[in-house]
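Right, one structure below, let's go through it.
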Amino acid sequence: MSYYWASILSAFLPTTVLLAAHWAVRRPYGPWITLLSSAAALLAGIGLSFALPAGQFATLGLGIAQFVLLAGFLAWQFTTRREPFWQIALLAVAGVLWGRSPALASLTTIHVINTDFILNLASVVTAFAACLLLGWLLCLLLRELPRWRWLLLLGGGALQLVPLSGNILLSLMKLQALELTRARLSFAAKTIDLESAAAYGALLLVALLLAVAALRLAWPRRRAWQAAQALIARRIALAAYRQTRALLAGAALVVLAMVCAQGYWDAVASRPPALSAVTRVDMPPDNELRLTLAPLMDGNLHRFAWVADDGKVVRFFIINRLDDRVAPSVVLDACLLCGDKGYVQQGNQVVCVGCGVHMFKPSIGKPGGCNPVPVEHWRVEGEQIVIPKASLETGLQLFSTVLTIEVTDPVSGQKLTNTSAPHRYAYAGKTYFFADEAAFNAFRDEPEKYLPAAAQGDAP
1 MSYYWASILS AFLPTTVLLA AHWAVRRPYG PWITLLSSAA ALLAGIGLSF ALPAGQFATL
61 GLGIAQFVLL AGFLAWQFTT RREPFWQIAL LAVAGVLWGR SPALASLTTI HVINTDFILN
121 LASVVTAFAA CLLLGWLLCL LLRELPRWRW LLLLGGGALQ LVPLSGNILL SLMKLQALEL
181 TRARLSFAAK TIDLESAAAY GALLLVALLL AVAALRLAWP RRRAWQAAQA LIARRIALAA
241 YRQTRALLAG AALVVLAMVC AQGYWDAVAS RPPALSAVTR VDMPPDNELR LTLAPLMDGN
301 LHRFAWVADD GKVVRFFIIN RLDDRVAPSV VLDACLLCGD KGYVQQGNQV VCVGCGVHMF
361 KPSIGKPGGC NPVPVEHWRV EGEQIVIPKA SLETGLQLFS TVLTIEVTDP VSGQKLTNTS
421 APHRYAYAGK TYFFADEAAF NAFRDEPEKY LPAAAQGDAP
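Going by UniProt numbering, the sequence shown opens with residue 1, and the numbers climb by one from there.
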């Protein structure tokens, strides 16, 4: 549910701030006219998003149209003429942008009304209602502080125009209308990244306005009420103070709810699931890893990590695929599509952290798609699972984590770490590290001279 709040706040909150400042100095239309026209503009924008093509030309055209629209809207603020076009246009563009996001497609994954759909739809409705309520409260505040509306106009405009400029520049470079340069690409990347902070920026502007209103409105009216002597004047002053206090409190509560929703999504809900604890295992001298079978047959995912000679960490897990009998499966904690993001268990399913694909336990061990890569040539011997070292080594290219381990230069005997060694050489299935080029060359020319007989026996 927090995803829909976050997506709606990012798409509509800056526009809400701009429209609140817009109507603060203009006589509004009736509430029903405003609501119906806004809803129609929003739905029209969402509908238009499905008709627009997904190419770079459409993205560029939409970006330029939005940029021109925002610039015209800000220029219009130097007049006080009442014009409904700006509200309709801004909401329609915001609807197009929100409709092109994955938010609508993820409302439900089936074609019937279920609990998930109702909850998701409720979060969408409440998020829009919160934006509407905040816009109304801001408009009431700004009518008493008309000069401070420029704080919201300029700040809210910048929150949209700056990322837009980066998107337009990026589209022009993708279409080869502009030459791709380091400076332009850096500017586009930095400005586009500000889109994710649009909601926080708008909330910060609102918080600043509330602080100004507390100092310029609530505090003086409280003092005026306390200083009033005549009964009627005191009641009038108290009513004015209470009205301002209620207005500020309502806006502050809405802002707090928005901060909590956006913050929860960014800090908690949007994070990928954490991998369960991993057990590190060491390879025996016979190059066959043996694990006791019984504790691994409880139906849960058991994750292990083996560190290769070069410090590369290879993760794998063992899971019993069937509930009614022993049917273990040994697979790498990685797939060919998402790399080493790993897998987590959710009930009777195993979920890819990289893309969120759910797999039932009986399918674990089958190759293809986003299934974990099977470990080959493992076997069950009595009460143990036996995994050859060579089978784990086939997964080295799938993993990127490298641990810093202490190694010994076989030529000089010097102690160093794998990550700091300037030279390395793979021989007989093992990686050796060297402190300098001379040691590296000596080993490469005559490796048998520096290795024990056991290691030489593995040489091809």
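A virtual CB, placed ideally from N, CA and C, is assigned to each residue, including glycine.
- Cα separation between Cys39 and Trp265? By 1-based counting over the sequence shown, the position of residue 39 is 39. By 1-based counting over the sequence shown, the position of residue 265 is 265. The displayed chain sequence assigns Ala, not Cys, to residue 39. Going by the C-alpha atoms only, they are around 26 Å apart.
- Task: Identify, in the order they occur along the chain, each residue of the same chain with its Cβ nearer than 6 Å to the Cβ of Arg290, setting aside the five sequence neighbours on each side.
- Result: For the purposes of this step, residue 290 is taken as the residue at position 290 of the sequence shown. The answer, listed in chain order, is Gln384 and Val386.
- Item | Short Cβ contact (8 Å threshold) for Leu141 with Ala251 | Indexing the sequence shown from 1 puts residue 141 at position 141. Indexing the sequence shown from 1 puts residue 251 at position 251. Their beta carbons are under 8 Å apart, which means Leu141 touches Ala251 by this criterion.
- Give me the Cα-Cα distance between Met258 and Leu134, rounded to the nearest whole angstrom. Counting from one through the sequence shown, the residue named residue 258 turns up at place 258. Counting from one through the sequence shown, the residue named residue 134 turns up at place 134. When rounded, the distance between both Cα atoms is 10 Å.
- Roughly how many whole angstroms lie between the Cα atoms of Ile33 and Ile88? Against the sequence shown, residue 33 aligns to sequence position 33. Against the sequence shown, residue 88 aligns to sequence position 88. C-alpha separation (whole angstroms): 12 Å.
- Arg82 to Ile8 span [Cα, whole Å]: Numbered from its first residue, the sequence shown carries residue 82 at position 82. Numbered from its first residue, the sequence shown carries residue 8 at position 8. Those two C-alpha atoms are separated by around 27 Å.
- Query: From Leu35 to Leu70, what does the alpha carbon distance come to, in whole angstroms?
  - Reply: To locate residue 35, count along the sequence shown from 1; it is residue 35. To locate residue 70, count along the sequence shown from 1; it is residue 70. Distance between the alpha carbons of Leu35 and Leu70: 21 Å.
- Task: Provide the residue(s) that pair with residue 469 in DSSP beta bridges, ordered along the chain.
- Result: In the structure as shown, the chain begins at 1 and stops at 460. Residue 469 is therefore absent and cannot be evaluated.
- Query: Quick one: Cα of Ala455 to Cα of Ala428, how far?
  - Reply: Sequence index remark: in the sequence shown, residue 455 carries index 455 (1-based). Sequence index remark: in the sequence shown, residue 428 carries index 428 (1-based). Model confidence at Ala455 stands at a pLDDT of 49, short of 50, so the residue's coordinates are unreliable; what they give is reported in the following sentence. Their Cα atoms are separated by approximately 7 Å.
- State the Cα-Cα distance for the pair Ala233 and Arg222, rounded to the nearest angstrom. Counted from its first residue, the sequence shown places residue 233 at position 233. Counted from its first residue, the sequence shown places residue 222 at position 222. About 13 Å.
- Let me know if Ser10 comes out buried or exposed under the rule of 16 or more other beta-carbons within 10 Å of its beta-carbon. Indexing the sequence shown from 1 puts residue 10 at position 10. Label assigned to Ser10: buried.
- Query: Taking the runs of the beta strand (DSSP E) that are 3 residues or longer, which of them lie wholly in the region 33-84?
  - Reply: none
- Item | Whole runs of the beta strand (DSSP E) within the region 291-317, excluding any shorter than 3 residues | 302-307
- Mind checking who His22 pairs with in its DSSP beta bridge? Here residue 22 refers to the residue found at position 22 of the sequence shown. Looking at the DSSP assignment, His22 forms no beta bridge with any residue, so it has no partner.
- Item | Anticipated Cβ contact below 8 Å, Thr419 with Thr404, distance rounded | If you number the sequence shown from 1, residue 419 lands on position 419. If you number the sequence shown from 1, residue 404 lands on position 404. Thr419 to Thr404, Cβ: 5 Å. Contact.
- Task: Report the residue from Val162, Trp219 and Lys174 whose alpha carbon sits nearest the alpha carbon of Asp193.
- Result: The count along the sequence shown starts at 1 and reaches residue 193 at position 193. Comparing Cα positions, the closest option is Val162.
- Message: For the region 46-61 against the region 150-158, do three or more pairs of beta-carbon atoms, one drawn from each stretch, fall closer than 8 Å, so that the two count as touching?
- Response: no
- Trp306, buried or exposed, once every other Cβ within 10 Å from all chains shown has been counted against 16: Position 306 of the sequence shown, counting from 1, holds the residue named residue 306. Buried, since its Cβ has 16 or more Cβ neighbours within 10 Å.
- Message: If I measure Cβ to Cβ from Phe73 and keep anything under 6 Å in the same chain, skipping five residues before and after, which residues do I get?
- Response: If you number the sequence shown from 1, residue 73 lands on position 73. Excluding positions up to five away in sequence, the list reads Trp86.
- With DSSP as the reference, please indicate the residues paired to Lys415 in a beta bridge. Taking the first residue of the sequence shown as 1, we reach residue 415 at position 415. Paired residues: Thr408.
- Under 8 Å by Cβ, that's how I've got Ala308 and Glu393 pegged, so tell me the actual separation to the nearest angstrom. Taking the sequence shown and counting its residues from 1, one reaches residue 308 at position 308. Taking the sequence shown and counting its residues from 1, one reaches residue 393 at position 393. That pair is a contact at about 7 Å.
- Item | Rounded C-alpha distance that separates Val330 from Pro374 | For the purposes of this step, residue 330 is taken as the residue at position 330 of the sequence shown. For the purposes of this step, residue 374 is taken as the residue at position 374 of the sequence shown. Cα to Cα, the separation comes out at about 6 Å.
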